[in-house]
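What follows is one structure encoded as structure tokens, with my remarks underneath.
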Amino acid sequence: MARAGRRSRGRRAPCRKATHLRDVIHLGTSGFVYDDWRNLFYPKGLPTRQWLDHYSRVFSTVELNATFYRLPTASTVDGWRQGTPRGFRFAAKGSRYLTHMKRLTDAGPGIKRYFDLILGLGKKLSVVLWQLPPQMNKADPDRLEQFLGKLPQGDLRHAVEFRSPNWYIGD
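Numbering (my numbering), first residue to last: 1 to 171.
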């Protein structure tokens with residue numbers, strides 16, 4: 001038996017405690033621009049241009065749905081990055097042009113264009129979420145594998161949301 005204050009062999013050192021829960025767990029929502037939130041979550045009279053600032057004082061992350069529907073401008077991306085505190089994280093939704101229209105094929109130029117803009121979030125970009133259309137099933141896994149192979153690697157993480165139940169059924 002080990003004495004108090006001493007580690008015995010084979011025991012791991014205690015984990016370093018995070019100074020703030022915000023350093024360990026990021027809580028947020030899928031998007032932050034909802035008219036229904038006016039006067040409920042957002043204070044009465046707060047201009048929409050200040051919504052992200054208010055949001056980022058309450059939550060530490062947000063899923064950017066806008067990036068699914070259209071490419072943001074560089075100034076919009078800069079505004080997102082600069083308008084949030086250090087440590088804030090973005091989960092950017094991948095472009096539906098690539099997932100739903102191109103269906104992951106011939107995606108090279110679109111991938112480059114998307115990341116030329118979205119990487120402007122810098123270290124605040126935590127993950128890119130690729131939502132597959134419900135009609136895309138696992139019948140062609142090579143297409144998905146080829147698409148994923150074209151995505152930027154390194155510290156950037158990618159997540160795939162399978163909308164077809166076919167992906168969850170065994171062979």
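Even for Gly, the Cβ is constructed at its ideal location relative to N, Cα and C.
For the pair of segments examined, the stretch 106-113 was found not to touch the stretch 78-91: the number of CB pairs separated by less than 8 Å stays below three.
Secondary structure of residue 77 (DSSP, three-state): helix. A residue is called buried once 16 or more other Cβ atoms fall within 10 Å of its Cβ, and residue 25, having fewer, is exposed. The stretch 80-147 is shown to contain whole beta strand (DSSP E) runs of 3 or more residues at 89-93 and 125-131, in chain order. Rounded to the nearest whole angstrom, the CA to CA distance from residue 64 to residue 109 is 21 Å. With contacts defined as CB atoms closer than 8 Å, residue 51 and residue 62 fail to qualify as a contacting pair. Per DSSP, reduced to three states, the secondary structure at residue 156 is coil, with no helix or strand assignment. In this chain, the alpha helix (DSSP H) harbouring residue 67 covers 66-69. For residue 56, there is no enclosing beta strand (DSSP E); the residue is found in the alpha helix (DSSP H) stretching over 51-58. Where residue 30 is concerned, the enclosing beta strand (DSSP E) starts and stops at 28-30.
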